[in-house]
Every structure is written in C-alpha cells, then in structure tokens.
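Have a look at the structure below before the remarks.
Protein chains: 2
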Amino acid sequence: MSAHSGTVKHVVHFVYLLVMVFALISSAATAQAPQAPPPAINVMPMPATVTVGAGRLMVPKTFSVAIAGYSDPKLEHAAQRFLRDLGRQTGYFVSDRLADVGHATLVIHADHRSEPIQDLGEDESYVLDVSGAGAKLSAPNPLGVMHGLQTVLQLVDVTPDGYAAPAVHIEDSPRFPWRGLSIDVSRHFITMATLKRNVDAMAAVKMNVLHLHLSDDQGFRLESKEFPKLQERGSDGLYYLQSEMRELIAYASDRGIRVVPEFDMPGHSTAWFVGYPELSSGPGPYQIERRWGIFDPAMDPTRESTYKFLDRFIAEMVSIFPDRYFHIGGDEVNGKQWDANPKIHEFMQAHNLKSDQELQQYFTDRVEKIVSKHRRFMVGWDEILTPGMPKDIVIQSWRGQDSLAEAARQGYRGILSSGYYLDAMAPAAQHYLVDPLAGADATLTPAQQKLILGGEACMWEEFASDESVESRIWPRAAAIAERLWSPQQVQDVNSMYRRMGAVSAQLEELGLMHRSSSEVMLARIAGTDDIAALQLLARAVQPASITIRETEAEKAGGIQTSDVPLNRMVDAIAPESEDARKFSAAVDQFIASKFQDAAAESHIRRKLTEWRDNDSALQPLLQNSFLLQEVAPVSQNLALLGAAGLQALDCIDARETAPPEWKLQQVAMMQQAAKPTGDLVLAIAPAVQKLVEASSAAAVAAP
Amino acid sequence: MSAHSGTVKHVVHFVYLLVMVFALISSAATAQAPQAPPPAINVMPMPATVTVGAGRLMVPKTFSVAIAGYSDPKLEHAAQRFLRDLGRQTGYFVSDRLADVGHATLVIHADHRSEPIQDLGEDESYVLDVSGAGAKLSAPNPLGVMHGLQTVLQLVDVTPDGYAAPAVHIEDSPRFPWRGLSIDVSRHFITMATLKRNVDAMAAVKMNVLHLHLSDDQGFRLESKEFPKLQERGSDGLYYLQSEMRELIAYASDRGIRVVPEFDMPGHSTAWFVGYPELSSGPGPYQIERRWGIFDPAMDPTRESTYKFLDRFIAEMVSIFPDRYFHIGGDEVNGKQWDANPKIHEFMQAHNLKSDQELQQYFTDRVEKIVSKHRRFMVGWDEILTPGMPKDIVIQSWRGQDSLAEAARQGYRGILSSGYYLDAMAPAAQHYLVDPLAGADATLTPAQQKLILGGEACMWEEFASDESVESRIWPRAAAIAERLWSPQQVQDVNSMYRRMGAVSAQLEELGLMHRSSSEVMLARIAGTDDIAALQLLARAVQPASITIRETEAEKAGGIQTSDVPLNRMVDAIAPESEDARKFSAAVDQFIASKFQDAAAESHIRRKLTEWRDNDSALQPLLQNSFLLQEVAPVSQNLALLGAAGLQALDCIDARETAPPEWKLQQVAMMQQAAKPTGDLVLAIAPAVQKLVEASSAAAVAAP
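For the record, the sequence lines run as chains A and B.
Per the numbering used here, numbering through the first sequence is continuous, rising by one, with the last residue being 703.
Per the numbering used here, numbering through the second sequence is continuous, rising by one, with the last residue being 703.
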C-alpha cells in the first residue's frame, strides 16, 4: 500500500480529505461550544478526565518509585524506564532501583498481569493522584501503569524553584483500542535504531501498535530463512535480521506496543519476484523496482505452488511476530499480468471467476485460510473486503469513513488511516480533526461503532528516508495519537498545538532526533554550520503538499526513483512551520484588537523585519551550494513579503489607509509568493496578505 | 588517575601548563616564520605533505570504490563504511557494494594485511591522488587505507555545482604512533552508544588508541565473571557486560583503533573493596565513593592473596582485551591505610622497605610480573617508574615533558597527557600548542625521542556525564589529534580553527551529538524549546576553568559528589566560545585597520547590538526556571558589555575620543564582567574591553 501509487487517485483522496476536514471543523465548532476550556496541563493525549488540585509535587533528585501489590518484570522494567526517563528530562542522576513502598515518591499499584502476548482490547486504563505529599498510580494491569507513568513524565516541568508536577486527579482510558503508527520500510529502508526511537515516542503518546510495511515493489526488508532469496535479491542488502526483528518486538512489547507485520500481496510484490519469479503471474525476470507508482507484477493466484510458498512463508513469519494480527496488504492490483496470462485466463474460466476482482477475492480467500490456520487474524486494506470473508478479519481503510462504515454494517472491524497520512505534509490540525467516528461512521449503531477499532498514522516513504523520517512523523503523530486516545470532544486546536510543542521538546530529551537531524541536514546543504540565516528561512517555509512534490519531481527528472537523493531543503525543513502558525495567530490577534495589541504588533514587526533583512545575510550561503540554488527565489519572496508587511504595519501605525493601487500591487506579489516555488511553500504568505488587506481598513478602524 | 584529585596539585599543574603554553607559543612563532601558509584544504589532521593540483573530482551519487590487489574483510569493511559515510555527508543513496576496478571512482590498493591484533607502530602511511578523472589511494596495509579514506571524506565538500573534492597529491604518515583518547567511565558512567560515537570521531581524525579508565574509587565498570562482586557491588548497576566490551573492541579494531583498558591500582580502588574488602589495607567495610578527590583505601601489597586475585583478574581481562598494552594506573596513593596497618608495617620492616613509595614499588614490581606473564606490556602513570622496572613498560605522563624526558633517558617509552586534559575547559589552541617533543623532551637524543610514543587526550568525568561528555571532547580533541599526527611545524592556529570547524560539522553528519545534545540540554534548562535568546547568551559564555568550578562547587555544596546533577548552563554550553573567538578576531582586525575595515565593524556592531538587547528577550526564560537564576547576572553583564562596546564604536565612528572618566568607569565594569560569575565566564569581555580602550585612541588614529 502507498499513499501515492497514482497521482489521480491521490488527488481524489486529497480532495476527499479536505472535504472531511472542513466538515469536521464545522462539527467540532458546534460540538465544542458547551465545552469547558481544556485543563492547562502539558499532557498529550489529554486524559479522559482531569481534576487539577491545589499545590504541586516537588520532584527531587532522589525521586523514587515503589511497586505495591502485583509485580512482574514488565512492570519493573516500566518503573525503571520511568526513572531513567525522568533522569533524561531533569538531568538528575536518578537511580533506577525501586524503593520500598513506605519511602517512595510515587507508588504504583497493578491488580494483575497483562496478557503475555499483548492483545487488542486489553484494559489500558489507570488512575493517577498527584499531591504535594506524593503520587499514586493504580491500574488493572501493567499496560495502564505504563500509560500513567507517561502522564507523570509529562506533568513534570521546570519551575522557578525546582522541578515539579501539578497536583491532579486523573482517571484515564483510551477511546479506541487500536492506536497505530505504520511505517513503510520498503521504499526507503529505515534502520532499527530509528525504529526504536519511534517506539519510544509512540510510548510517550500512548500509541500501542507499530505496523511495519515490510515488503513492496521496491524492497523486501526482513530475513527469511525459508526463502533467503527474498532478502538476498530483493533488498539491496538493506533488510532486518530475524534476530533484530525479535529484539525490536521485545523492545516494543516491553513498552506496551504490539508489532503488526505487513507483507503486501498479491500486488506491490515485485521485490519478491527478483528471487522467486515463479511466484509471479508474468514471465520475469524481475528487478527491484526503482520507480514509484502502481506496477503490473502480481502473484499468480492460480497455482497451488503459490499457496504452498505462502503457507511456509507465513508459518515462518508468525514464528517471529507473536501478534495475533497479520497484515497481507491486498491493495492496488491492476490485473495487467493476470489479463496477459492465458493460463490464468483458463483458470478463471474453469472456476467461474468473472473479473480480476473476483480472482483477487479467490486469492484473498485462500490466503485468509492460511493466515487463520496459523492462528492469526488477517488484516488488509479496503480491497480485501469481499463477500464471504470471515467476520474476524480487520479492514484498514485508506479510503475513509464511508468504506469503514460499509464494513461495519456487514459486521467487520476496521481501522482508519485515511486522513492520517503523515507524508502528505498537512498541518497537525488537519489530521487532528479527522475522527474515526465522523462522517458515515457517525450514522452507525453503537454496536457497529464498536467495530471501529481506531486508526493508524501512516508514514509512506517515497519522499522520506532514515534521516528525515523522524521529522516527518514527530511531533505531528502526537495529534493523531490524541485523536485516538482522548474523548471525542477534545478538539481545541490551540491547546493541541501548545501541548504538541511541549511533547516535541520532551521527545528530544528522550533521544528523538526530529529536530537535531533537520539542523544537521541544513548544515550539510549549506556546507557550513554557520546557518542562522538559512534556519530563519527554513522556519518560514514548509514543504508543498505531496501531490505538488510528485508533480515537481516528475517535471524535474522524469519518473522519480528511489535513487533520487532526499537531501534538499524540502527534506530538511519541518512539515509544518511553527513560525508561520505563531505569526498568523499574532496577525489575527492584532486585527481583532483593532490594532491595539502592542505585544502582537511587536511580534509581527520583529518577524517581518527579520524576513525582510534575511536575503542579504543568506546570499553567501546561496552562492556556495548547488543545493541552495532552488532556494534563492524563495528567499527573495520572503524579503518582499517582509517589506510589504512592514509597509502595511507603518500605514496602520500612522492611521493611514494604504493606497488602493499599492495594495493591489502587493496582493498580486503576495499571491505569487504564496504559490509553491518548486516544492517549497512560504507558509507565512497568507498571514502577511491578511495584514496588507487589513491595512486598507486601518484608518477606518482607528479609534 | 584523575586531573583533579586535589586542588593544590591541580593548581600547580595548571600553572605549569600555562607556562608551557607560553613557551610553546613563542617557539611556535619562531618556528613558524619560514613556513608557507597551510594548504587551503579542510583536512584535519593536516597531512604530512599536500600538493594541491588543478581541477577537482566531481562526486556523483553513483560514486563507487574498488579494491585492487590485496583484500580482506577489514579492508572491505573500511571501503563499505567509507561509502556509507559518504552517503551521510552528501545525502546521496550511495550503494556500499564494491565496484570493479575499471569502473570505480576511487581505487584502493593495499600491499598486504595489517596485524591481526593491531600493534603499536604499524605502518599507517598512505598516498592519495585525486584528479578530475578519479582517485587512487595506496597504502602498505588496511590501516593506511582507513586513514586515506578519512582524508577523502574530508576533501569532499559542497560547491555551487555539486559535491566535489579538490585535485591533490597527498603523502601522509603520522608523526607519533600512539594517538589516544582516554575516557574516564568510572566517575560518571558513559554508555556504549556514546563510546561508539567517540570511536567514529576518533577514526575521522586518525586517532588510534581508545584508553578506558574502567575503575576508580567511584565505580568499577566492567563485568568480571571471576569476581562478580566487583561490578555487582561497585557500580550501582552501571557497568559493561563482557559481550558489550568485546563488541566495542571489534568495532574499534575495524576502524584501526586499539582499546587499552586501565584498572587503577593500588590506589583509586575503593569500588573494588565494596565487594572484596579483603583486598584492601584497611578494616572496611566499604561503600562506593561519592566524593571527588584522593582517598585512603589502597590494595594490600603485603598479602599473597592480593596477587593471586590480581593474577586471576588480569588473566580474565586479557581474555577480553587483545591489545598488547595493559594499564594499571598506579597513581596517587596517599599511603594512609598502609601507615595505619601494623601488619603492613611489619612486612615493610621484614622486607627492608623504607617508605610507602618503596612499598608501592614492591607492589608495582609484582603486578608487572603478572602482566608480563599474561603477555602484555604494562602501562602506568608517572608514579610507576621506579628503579628496576623492565624497559618494555610505558609511562603515561600527567606530570609533563620533564617527567617523560627523565623516563626516556632511562630508556623507557612514554606518552604525554599533561596539557591534553579536555576537562580543564581550555581553548583548543592551548592544547594544540602542547608538543610531546617540546621542553625537556626537545633536549633528548633522536634515539631517546623515539621513545616518546605520542600522547593521549584525557577526558576525566568529575564534571561530565553521558549527555555532556561528547561536547567536552569534540571538536577540541581534533586539535590534539592533529598535534600527534601532523608534522611539528604545523602550528597555524587560524588554520586549525577553520579546519576544526569543518571537522565539527562533519562529525555531526556522521552522527556525533556534541552540538545537538547541548541544544537539548539548553531547552531542558529553559523548559521550552523557544530558546533563541538563551542560545545567544550561551554562545557568548564559556565554562570557567575546572579549578574555578571545583572551588565554586565546594562553596555551593560542601564536598562535591557524584550525585550532584550536571544539568546547569555550564554543562550545556560549549567549552570554547566560537562567537567570542570570531568577535575578538574582528576587533583585532578593526583596530589593525585603523578603524577602516567596514566588514569587521559591521560584524562588531551587529554582535554588540544583539548582546545589548538580549537581556530583555531572555527575562521570561530566566524567570521560568530555577536553573537559570544563576544566569541572570551574566545576562545583565552581557547587556552592559554590549552597550559599552556600542558607545565605544560610536565614539570611534564620530572620530571622538571617549572621555577618560567614561573609559575608566567602563573598564572597571568590564573587568568585573570578565570575572567568572559562579562557573560561567563571559568570553567576549576581553575583546569588548580592547575596543573600549581603543576608542580613546580613535580620534588620534583617524585619518
């Protein structure tokens, strides 16, 4: 599966997404009206219920944890990990030895164990009490304890007189039991170290499923001992050893996270055929696919040998992945190889299969029986839902709530990924307001709604690699994590962004590299680490949407391939400009105050001045690096925007109405500047334009 | 061993160091006069001979490497690692598969293998030719190839039309065969991940010995299976498994780096006695030492059981560490436990040992025989050099060149560490100008000089921990690496700083965290990642010398212990302020130009303005975090310095002489501001003072 296998489909998907978002924003606005303001704590996802008390718990360097009642290694690891993380967040040398109950700052109580193999729908709730005297965390089992410990870590903050956590009473449990992050490790290989850091981050925001897209046309990424040519010929040497994968699974399990493997079939499978062409429906031979898109090769559903292969293969894989769910992909088969193969045509006639879709249905049915034989529930994309499938399969939807609703009405469980594609380069708020139970799903009966298990953020890797993937996922995935954990009415976007900023800083303390890696990439692009001017520009821009990037990539180099470096400005910058968001908020605030808000104006003037003056400071860098040539016009536009905004501000200050012809000219310039230059967008342009337009009304509004 | 076991000794050491440095700077200035300017390539250490040719080699994304002639896994790993590193430095997806000789961009040729266990003094030379058509690297063995590959990596830089390396002919070999970095993992534990990153950095600057100070009073850090209570009771659970150590050794060996273990004895050994009090000369029981300093516990040299223990222990350790050198410390025994023990007194009389020193000599002699029996050469600090020692031991000198010269005259080999203590927080230039063959060593005969094997940068960990150690070592250790590799006359400090800056950026591309970790610490201190104002201040200050920090620490909290957090501003900032160095250079340039150099003035004015205006921007952060209270007066002083400098500049521009009373007042203020506030120093103060003083001469100097 991929977000971007075909531009047409993608555009449809993207438009659909936008419609959904607007629908959600409206309904959110309605739903939100009676809500109290969200509690001012930096916890994300926002807990189900929070009561902020009086006082706070000081966090000394001798902070200690005790386990009262039930205990096991998983619980002990969680407590020790908490102490080490607390050390990272404070710089204290916190001992990870557990204390006696009588002497501990935090006492943990679990009633019983969690399942040895973590299962969907286990109780993940917890109750946390923090007071000046200490903290108490109770949960039915270690999973809830882990979540509660993450809440405690997020409550701890620096204060004028030490580290402290506010007094709170929290009763918390997730809204959905399946809160996933899917990472495509096929199109570009992602190292184990990066995967582990992602697991750390997932645990911090209470996600509980890591879905690995392990094979696709562009690479087969896991060692098979039964069929070693899969990785030997299908991976360019970039694959995980089974021992490494087992270690990752144990690492994730220790943190309350299931690992669900996906091996995409019968399409998206060219990489399998490099070593095993006999699996395919065409003549071969095959090479690893270097391009992006949907390709013809597909497994041959008509030969018994295919199922024998898959039986042995799945048997081997379930010996590695203990999770009860096994993802077979199943998406985007174009059927061309089937249509071109006379034997397949014969088989279809003999079995009364009238279309490629019916042939795929036959395949899926056979594979489901194999998966089921190996005691796993099958998961697949929308396409696998065909008549006669057993009710215990799970549909992952790239198509959206309509598709999930249809499945649920038929009694199938589903998880939503439409709207959660992180590689689309959409703002966090857009993902945040996509609700699994909105749209058609909102019309389901309560029993049917229960079949919507949750969702998964998806990170497809056409345009991300090991060094950039972290900044593509974090911190925006935290917004999706909140959507899947917190009550539906938690929808305050400002509160979300404030807390996402805190989470982002926390993740860096825990070792994530979503920011530091971007800094290193910018320095590499410039060929120097004296890059203040480049950073200033970098913070004002953001990547164009992925559809534009696809179009640009095709214009620039014909069909894009996996050999094209991802070492440009667009790869180094954050998906969403925080500077633009804050500037835009200041402009709104300034206009709403009828130009009286001095703090907002000061912020606006400072930023505009920086932007206006940056181009000359950036020139030496621009001239030094071929990678910055494409950035030069963006930098010039930034200077123009800064200058225009300052002129507007001067008009406003002088209580003069800006001349209409000036305004027209500026607006034309700004509309130009707001368009993507290549695949970079000046994210600050709309707010500058708003300011310029307001300046024509300034004199009128003056007191 | 430690730099700072006693303040008195340390001060003596520090003064001595300063004297040495001044001596060296003078001699350097003399020696340098006839030298040609250093070649303008970003290679560090500077190669022995460099001829820059015409043209350059473009580095395409298909850059490939072939091995011609001799090959083995070590050489192949080196070539593949080079390709992966090249990928990190360019963002290209460089394949690490080796190519055929006919089709490779770079062809490697080695004559023969290197020693299976890397030995001191192996040939590490290489010859590199880079032209527009390709590159050729030849060396006698894989060690030279590895060094040559690092040179190639450093030659590659971004240019206006692509990545490229200048055409060069380089013939290179090291001046000294022992180029080490010693890391104290006892006083604060350093993780394996951090050690590996240090190995990566060492390889980049052609260092070849990682010396691990594995035990001291404050911790025993390696698993012993023979004597498991060593780590179980002596480490707080913070120790390396033998399997981890073996992996580190293999990792280092693959990169041409030997690993020399140090187990300090008979003093600095409290951590051994927690589990094995019978080894000690006192009654016990013992606890892990939490303070810094020199302590009384010492091994009992009079009991045969001590030597039986050490024999078994050393046998076990040499089975882990294949290196032919084994470090037994041997420093700083205060003898108090020996003096207080009647049985030891009896033994000394019976054996005609007249002093504690003679008793230690007896001990060292016995230990040397054990080390020797296990086919290792003994290494120890200055104190182990006593009459009758075999000539194959090696003296590591914290005392300096006099001590090494004395040893060399007696026929002993030595390595210099005096002057290379990275935790002293001295500027890179100071370490850079300390030469192993200066001072008394310069008076040795050529044969005796050959006994000076090189040196080791030392990182003691009283005031560094896993998160700060990298920024304490890098990039300054690169200056010491150059001293130990490059010809003696390579002494141009400006060239060194320019190239050190390039190496620093390169190391971050390779995964080092010396900068990113500092950023994360600053954000943690502030409790937000909106820290531009704090970064600006951070770049203008540097840590006070370690003697001041020791004094401050004792004032603040009595005797410092290992429980005291290293989470303050002083721990997050770089040891040396690059902003101050550049500002100072601009001031010198401006004054030398008789105030005509507009670029220098513009730089000066910009920095002064930033500094003057920063305090108000910083206020919200200062008020938010208890960790920033100590920073408030420093920030105020920075603002005062900025204002004073700007006034001086205005005087100069107006061709007015600043009024003498103003100048007096400002100088008094600046002298105050230049003093350490706590353990922070405003590194920019001297240059501002210079500017203010120059302003009184400005009118005179005006044209």
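All C-beta atoms in this analysis are idealised placements derived from N, C-alpha and C, irrespective of residue type, glycine included.
Which bits of chain B does residue i rub up against, with CB to CB less than 9 Å?
| i | result |
| --- | --- |
| residue 508 of chain A | 516, 519, 520, 523, 524, 529 |
| residue 100 of chain A | Here the premise fails: no neighbours, minimum Cβ distance about 18 Å. |
Below 6 Å CB to CB, which residues in the same chain sit around residue i once its five sequence neighbours on both sides are set aside?
| i | result |
| --- | --- |
| residue 434 of chain B | 419 |
| residue 696 of chain B | 657, 658, 663 |
| residue 461 of chain B | 184, 187, 188 |
| residue 32 of chain B | Confidence in residue 32 of chain B is poor, its pLDDT being 42 and thus under 50, which makes the residue's placement unreliable; the coordinate value appears in the next sentence. Excluding residues within five positions, the ones whose Cβ falls inside 6 Å are 491. |
| residue 440 of chain B | 401, 402, 405 |
What is the DSSP secondary structure of residue i, counted as helix, strand or coil?
| i | result |
| --- | --- |
| residue 468 of chain B | coil |
| residue 290 of chain B | coil |
| residue 595 of chain A | coil |
| residue 396 of chain A | strand |
| residue 255 of chain A | coil |
| residue 185 of chain A | coil |
| residue 687 of chain B | helix |
| residue 495 of chain A | helix |
| residue 675 of chain B | coil |
| residue 57 of chain A | strand |
| residue 715 of chain A | No answer is possible for residue 715 of chain A: the residues shown for chain A start at 1 and end at 703. |
| residue 603 of chain B | helix |
| residue 461 of chain A | coil |
| residue 438 of chain B | coil |
| residue 166 of chain A | strand |
| residue 531 of chain A | coil |
Starting from the beta carbon of residue i, find every residue of chain B whose beta carbon is closer than 8 Å, and list them in chain order.
| i | result |
| --- | --- |
| residue 157 of chain A | 527 |
| residue 567 of chain A | 90, 91, 92 |
Using the beta-carbon of each residue, which ones in chain A are nearer than 7 Å to residue i?
| i | result |
| --- | --- |
| residue 542 of chain B | None at all; the shortest Cβ gap to chain A is about 18 Å. |
| residue 162 of chain B | 626 |
In its own chain, which residues sit with a C-beta less than 8 Å from the C-beta of residue i, not counting the 5 before and 5 after it?
| i | result |
| --- | --- |
| residue 549 of chain A | 425, 463, 543, 570, 679 |
| residue 93 of chain B | 61, 87 |
| residue 609 of chain B | 642, 646 |
| residue 260 of chain B | 180, 209, 210, 211, 212, 321, 323, 325, 326, 327, 379 |
Keeping to the same chain, check which residues put their C-beta closer than 7 Å to that of residue i; ignore five residues upstream and five downstream.
| i | result |
| --- | --- |
| residue 359 of chain B | 301, 338, 348, 353 |
| residue 617 of chain A | 533 |
Residues of chain A with a CB under 8 Å from the CB of residue i: which are they?
| i | result |
| --- | --- |
| residue 563 of chain B | 61, 93 |
| residue 504 of chain B | 529 |
| residue 679 of chain B | Chain A residues near residue 679 of chain B: none, gap ~16 Å exceeds 8 Å. |
Residue i versus chain B: which residues are under 7 Å apart at the beta carbon?
| i | result |
| --- | --- |
| residue 623 of chain A | 160 |
So which residues of chain A does residue i contact, with C-beta pairs closer than 9 Å?
| i | result |
| --- | --- |
| residue 216 of chain B | In chain order: nothing, as chain A lies at least about 17 Å away. |
| residue 423 of chain B | Going along chain A, no residue has its Cβ under 9 Å from residue 423 of chain B, so there is no contact; the nearest lies around 18 Å. |
Which ranges does the beta strand (DSSP E) cover as unbroken runs of at least 3 residues, wholly within the segment 533-563 of chain A, from first to last along the chain? Taking only runs of at least 3 residues, the beta strand (DSSP E) segments lying wholly in the segment 533-563 of chain A are 541-543.
Counting pairs of beta carbons, one from the segment 142-155 of chain A and one from the segment 201-208 of chain A, are three or more of them closer than 8 Å? Enough Cβ pairs lie closer than 8 Å, so yes.
Are at least three pairs of beta-carbons, each pair with one atom in the segment 290-301 of chain A and one in the segment 240-251 of chain A, less than 8 Å apart? A contact is defined here as three or more CB-CB pairs under 8 Å, and the segment 290-301 of chain A fails this definition with respect to the segment 240-251 of chain A.
Could you tell me whether the segment 34-48 of chain A touches the segment 60-79 of chain A, where touching means 3 or more Cβ pairs closer than 8 Å? Segments in contact, no.
Scan the segment 179-228 of chain A and note each continuous beta strand (DSSP E) run of 3 residues or more that stays entirely inside, going in chain order. Qualifying beta strand (DSSP E) stretches, in chain order: 209-216.
Specify whether the segment 347-357 of chain B and the segment 269-277 of chain B touch according to this definition: at least 3 beta carbon pairs, one from each stretch, less than 8 Å apart. Counting Cβ pairs under 8 Å, fewer than three are found: no touch.
Taking 8 Å as the threshold, find out whether the segment 107-125 of chain A comes into contact with the segment 317-329 of chain A through three or more Cβ pairs. They touch, by the three-pair rule.
Tell me whether the segment 507-519 of chain B and the segment 466-483 of chain B touch, counting them as touching only if at least three CB pairs, one residue from each stretch, are closer than 8 Å. Contact between the segment 507-519 of chain B and the segment 466-483 of chain B is present, because at least three Cβ pairs lie under 8 Å.
Taking three-plus beta-carbon pairs below 8 Å as touching, is the segment 311-318 of chain B in contact with the segment 370-380 of chain B? Yes, they touch.
Would you check if there are 3 or more beta carbon pairs closer than 8 Å linking the segment 476-493 of chain A to the segment 401-409 of chain A? Short answer: they don't touch.
Contiguous alpha helix (DSSP H) assignments of at least 4 residues, all confined to the segment 600-664 of chain A: Complete alpha helix (DSSP H) runs here, min 4: 632-653.
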